[in-house]
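Using this note's numbering, you'd call the opening residue of the sequence shown number 16 and step up by one each time.
Glycine included, C-beta positions come from ideal geometry on N, C-alpha and C.
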Amino acid sequence: MNYILRKSILYKSGVPSLDYAMNPVQGCAHGCRYPCYAYLMALRFGRVKSYADWIKPALVTNTLEVLARELDKSHKKIRHVQLCLTTDPFMVGYPEVGKTCLESIRLINAYDIPCSVLTKGILPIELADLDPRNTYGISLSTLDEEFRKRWEPFSAPYAARINALKALHERGMQTWVHMEPYPTPNIIVQELEPILEAVNFAERIDLMRWNYSAKSGHFPDPDSFYQAAQEQLQSFLDKRKRSV
């Protein structure tokens, strides 16, 4: 693994629904080939030179030191921290990344600040011992492993992601499934319902369209496809709510 130093780690998120975020790693070993927005931005601004460079992650070795200093200074104005927006906090094959992120969450929680986590890796069960206001999520576009091997080649298998998330749910944690990028039928033909049933336990499920690739443009009328998918998701959630 590569290692780097940074002068800052927390930053104000540009995503309207989020507050602050942190990325204690540069690059991501999961190697998503959509391609992912984080990779495109890193390439554009010269932080990496190529895809091969991107999938060789560099851990910020002074993450906890810098994070503690920034929390001491700014914790009163921070309502929430997202891990992560441009990398993965529980990267498959890199336990040192997961250890750093787990310790970062503990530190942030110690300042009475909740965190949200999103991963294509395996959420550790140790998260169940942290602040119950934390939210733990997985990215999930399908249940088809051939899709994963093609588009998310070095990420965790879907069943393993779901099982880890469910284990946290069963310990009383807030769980989330982020279905992005949800593929159009020219990329993979699938039914939405089985995916929703597989994660029916999650408190929150959302779905977002396939971006950053010309492939989605090859499907006729993608807007209608995604509208129908959103309506199906909402119907599923409404039915679930009525059955409680």
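Closest Cα partner of Pro147 within the set Asp87, Leu74, Met188, Phe216 = As a working mapping, residue 147 is identified with position 132 in the sequence shown. Out of Asp87, Leu74, Met188, Phe216, Met188 has the C-alpha closest to the C-alpha of Pro147.
inquiry  = Could you tell me which whole beta strand (DSSP E) segments of length 3 or greater appear in the region 113–159?
reply    = 130–134, 150–154
request  = Check whether the Cβ atoms of Asn201 and Phe162 sit closer than 9 Å, and answer yes or no.
outcome  = What you label residue 201 is simply residue 186 of the sequence shown in a count that begins at 1. What you label residue 162 is simply residue 147 of the sequence shown in a count that begins at 1. It is not a contact, given that the beta carbons lie outside the stated cut-off.
request  = Would you list the one or two residues that DSSP bridges to Met194?
outcome  = Here residue 194 refers to the residue found at position 179 of the sequence shown. Leu222.
ask   = Would the beta-carbon of Tyr35 fall within 9 Å of that of Tyr26?
value = Residue mapping note: residue 35 aligns to position 20 of the sequence shown, counting from 1. Residue mapping note: residue 26 aligns to position 11 of the sequence shown, counting from 1. Their beta carbons are under 9 Å apart, which means Tyr35 touches Tyr26 by this criterion.
inquiry  = Report the CB separation of Ala44 from Ile70 in whole angstroms; it is logged as a contact under 8 Å.
reply    = On the sequence shown, position 29 is the one that residue 44 refers to. On the sequence shown, position 55 is the one that residue 70 refers to. Indeed, because the Cβ distance is near 5 Å, the residues count as touching under 8 Å.
request  = For Gln189, name the three-state secondary structure that DSSP assigns.
outcome  = As a first step, residue 189 is located in the sequence shown; it is residue number 174 there, counting from the start. Gln189: strand per DSSP, three-state reduction.
inquiry  = Quick check on this structure: which residue in Ser154, Ser65, Cys130, Lys135 has the alpha carbon closest to the alpha carbon of Ala143?
reply    = Taking the sequence shown and counting its residues from 1, one reaches residue 143 at position 128. Per the C-alpha coordinates, the member of Ser154, Ser65, Cys130, Lys135 positioned closest to Ala143 is Cys130.
ask   = Hey, how far is the Cα of Glu141 from the Cα of Gly113?
value = Taking the first residue of the sequence shown as 1, we reach residue 141 at position 126. Taking the first residue of the sequence shown as 1, we reach residue 113 at position 98. Roughly 11 Å between the two C-alpha positions.
key: Through-space distance from Asp103 to Val204, alpha-carbon basis   = By 1-based counting over the sequence shown, the position of residue 204 is 189. By 1-based counting over the sequence shown, the position of residue 103 is 88. Distance between the alpha carbons of Val204 and Asp103 is about 27 Å.
message = Which residue marks the beginning of the alpha helix (DSSP H) containing Gln249, and which one marks its end?
response = Sequence index remark: in the sequence shown, residue 249 carries index 234 (1-based). Counting along the chain, the alpha helix (DSSP H) containing Gln249 begins and ends at 237–258.
inquiry  = Would you call the region 91–98 in contact with the region 110–128, where contact means no fewer than 3 C-beta pairs closer than 8 Å?
reply    = Contact between the region 91–98 and the region 110–128 is present, because at least three Cβ pairs lie under 8 Å.
ask   = According to the Cβ coordinates, are Leu207 and Ala244 closer than 9 Å?
value = Mapped onto the sequence shown, residue 207 falls at position 192. Mapped onto the sequence shown, residue 244 falls at position 229. Going by C-beta atoms, Leu207 is nearer than 9 Å to Ala244.
request  = Rank Pro237, Ala217, Gly232 by C-alpha distance to the C-alpha of Arg255 and give the top, closest one.
outcome  = Within the sequence shown, numbered from 1, the residue matching residue 255 stands at position 240. Here the closest residue by C-alpha is Ala217.
inquiry  = Given this structure, state the Cα-to-Cα distance separating Arg48 from Leu55, to the nearest angstrom.
reply    = On the sequence shown, residue 48 is found 33 positions in, with the first residue counted as 1. On the sequence shown, residue 55 is found 40 positions in, with the first residue counted as 1. So the alpha carbons of these two residues sit roughly 11 Å apart.
query = With Leu100 and Ser32 assumed to form a contact (beta carbons below 8 Å), what rounded beta-carbon distance in angstroms separates them?
reply = Taking the sequence shown and counting its residues from 1, one reaches residue 100 at position 85. Taking the sequence shown and counting its residues from 1, one reaches residue 32 at position 17. Not a contact, Cβ separation roughly 12 Å.
task = Find the nearest neighbour of Asp248 within the set Ser228, Gly232, Leu222, judged by alpha-carbon distance.
result = Within the sequence shown, the letter at position 233 stands for residue 248. The sequence as given places Leu at residue 248; Asp does not occur at that position. Out of Ser228, Gly232, Leu222, Leu222 has the C-alpha closest to the C-alpha of Leu248.
request  = Given a cut-off of 9 Å, decide if Leu86 and Pro128 are closer than it, judged by their beta-carbon atoms.
outcome  = Taking the sequence shown and counting its residues from 1, one reaches residue 128 at position 113. Taking the sequence shown and counting its residues from 1, one reaches residue 86 at position 71. Per the sequence presented here, residue 128 reads as Ile, with Pro not at that position. The answer is yes: Cβ separation under 9 Å.
query = By a C-beta neighbour count over all protein chains shown, 10 Å radius and 16 as the cutoff for buried, is Glu167 buried or exposed?
reply = Within the sequence shown, numbered from 1, the residue matching residue 167 stands at position 152. So Glu167 ends up on the buried side.
ask   = Should Gly232 go down as buried or exposed, given a rule of 16 or more other Cβ atoms within 10 Å for buried?
value = Looking up residue 232 in the sequence shown gives position 217. Flag for Gly232 reads exposed.
key: Separation of Ile210 from Ser194, as counted between CA atoms   = The sequence position of residue 194 within the sequence shown is 179, counting from 1. The sequence position of residue 210 within the sequence shown is 195, counting from 1. The amino acid occupying residue 194 in the given sequence is Met; Ser does not appear at that position. Answer to the nearest angstrom: the Cα atoms are 10 Å apart.
Straight-line gap, Gly42 to Lys88 (C-alpha atoms, nearest Å) = As a working note, residue 42 is residue 27 in the sequence shown. As a working note, residue 88 is residue 73 in the sequence shown. So the alpha carbons of these two residues sit roughly 28 Å apart.
Range of the contiguous alpha helix (DSSP H) that encloses Ile210 = Translated into positions along the sequence shown, residue 210 becomes position 195. Per DSSP, Ile210 belongs to the alpha helix (DSSP H) from 207–213.
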